[in-house]
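Structure first, then comments.
Numbering (this note's numbering), first residue to last: 319 to 503.
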């Protein structure tokens with residue numbers, strides 16, 4: 319069985335067939351690893367990784383002024399998320415993910431405009447980095463313990479600063495992630 323990451327890459331590559339010049343798509347390898355460890359629907363794993371990839375891709379465009387093709391690719395990956403959720407045919411899951419997408423975008427806006435307190439920044443980063451897998455895993459396997467998965471995603475983000483935090487200094491980011499990591503068991 320192919321990994322969630324390789325399957326999603328293949329699906330996206332097929333959709334991009336004919337587009338020869340575009341910026342690379344960055345995938346969250348730790349999220350893929352977390353999802354692969356779960357006993358849930360393969361399309362749910364793919365949907366979760368797809369929306370994370372789309373949102374991260376669109377964040378990186380904003381921070382690095384990439385091409386219009388890059389924006390279209392981010393939108394294509396987002397559309398792929400909705401195609402996958404339609405194949406799952408679970409309106410409760412789609413509603414939970416859609417509400418999380420709205421909240422993630424609101425938090426990213428607040429982070430961009432620096433309207434959050436230090437503690438609220440930590441809470442926002444924790445939410446943004448863990449909400450999609452938390453919803454996905456808990457929806458399809460409600461009895462699973464998520465603390466280790468969430469901890470590994472925070473650790474990954476601390477080693478690969480997300481593009482939505484581009485307006486924060488290295489010192490600020492180190493302080494935020496040091497405090498987030500101090501909560502890891």
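Each residue gets a CB set at the ideal place from its N, CA and C atoms; glycine is no exception. If you're wondering where the values come from, they're calculated on a predicted model, not measured in any experiment.
Inter-residue spacing [alpha-carbon to alpha-carbon] between residue 431 and residue 482: Translated into positions along the chain shown, residue 431 becomes position 113. Translated into positions along the chain shown, residue 482 becomes position 164. Using only the alpha carbons, I get a separation of about 11 Å.
Would you check if there are 3 or more beta carbon pairs closer than 8 Å linking the segment 363 to 372 to the segment 486 to 499? no
Simplified DSSP state of residue 471, which is helix, strand or coil: Here residue 471 refers to the residue found at position 153 when the chain shown is read from its first residue. Note: residue 471 maps to helix in three-state DSSP.
Taking just the CA atoms, how far does residue 423 sit from residue 435? Translated into the one-based positions of the chain shown, residue 435 becomes position 117. Translated into the one-based positions of the chain shown, residue 423 becomes position 105. Cα to Cα, the separation comes out at about 17 Å.
If we ignore side chains and look at the alpha-carbon of each, how far apart do residue 375 and residue 461 end up? As a first step, residue 375 must be located in the chain shown, where it is residue number 57. As a first step, residue 461 must be located in the chain shown, where it is residue number 143. Whole-angstrom Cα-Cα distance: 32 Å.
Quick one: Cα of residue 326 to Cα of residue 456, how far? Here residue 326 refers to the residue found at position 8 when the chain shown is read from its first residue. Here residue 456 refers to the residue found at position 138 when the chain shown is read from its first residue. Going from the Cα of residue 326 to the Cα of residue 456 covers about 21 Å.
Per-residue DSSP class, three states only, for residue 433: In the chain shown, counting from the first residue as 1, residue 433 sits at position 115. Correct three-state label for residue 433: coil.
Could you tell me how far apart the beta carbons of residue 505 and residue 333 are, in whole angstroms, since I believe they sit closer than 8 Å? Any question about residue 505 goes unanswered here, given that the chain covers just 319 to 503.
Helix, strand or coil, according to DSSP, for residue 340 in the structure here? To locate residue 340, count along the chain shown from 1; it is residue 22. Coil at residue 340, not helix or strand.
Can you tell which of 337, 344, 338, 488 has the C-alpha that lies nearest to the C-alpha of residue 324? Numbered from its first residue, the chain shown carries residue 324 at position 6. Among 337, 344, 338, 488, the Cα nearest to that of residue 324 belongs to 344.
Cβ neighbour criterion (16 or more within 10 Å) applied to residue 386: Walking along the chain shown from the start, residue 386 turns up at place 68. With fewer than 16 other Cβ atoms within 10 Å, it is exposed.
Excluding the 5 residues preceding and the 5 following residue 448 in the sequence, name in chain order all residues of the same chain whose CB lies nearer than 6 Å to its CB. Sequence index remark: in the chain shown, residue 448 carries index 130 (1-based). Excluding positions up to five away in sequence, the list reads 468, 471.
Return the residue from the list 347, 340, 336 that minimises the CA-CA distance to residue 451. Walking along the chain shown from the start, residue 451 turns up at place 133. The option with the nearest alpha carbon to residue 451 is 347.
Would you mind giving the Cβ-Cβ distance between residue 329 and residue 459, rounded to the nearest angstrom? I have them listed as a contact below 8 Å. The residue labelled residue 329 in the question sits at position 11 within the chain shown. The residue labelled residue 459 in the question sits at position 141 within the chain shown. With a Cβ gap of about 23 Å, residue 329 and residue 459 do not count as contacting.
By the 10 Å Cβ neighbour count, where 16 or more other Cβ atoms means buried, how is residue 377 classified, buried or exposed? As a first step, residue 377 must be located in the chain shown, where it is residue number 59. Its Cβ being crowded by 16 or more others within 10 Å, residue 377 is buried.
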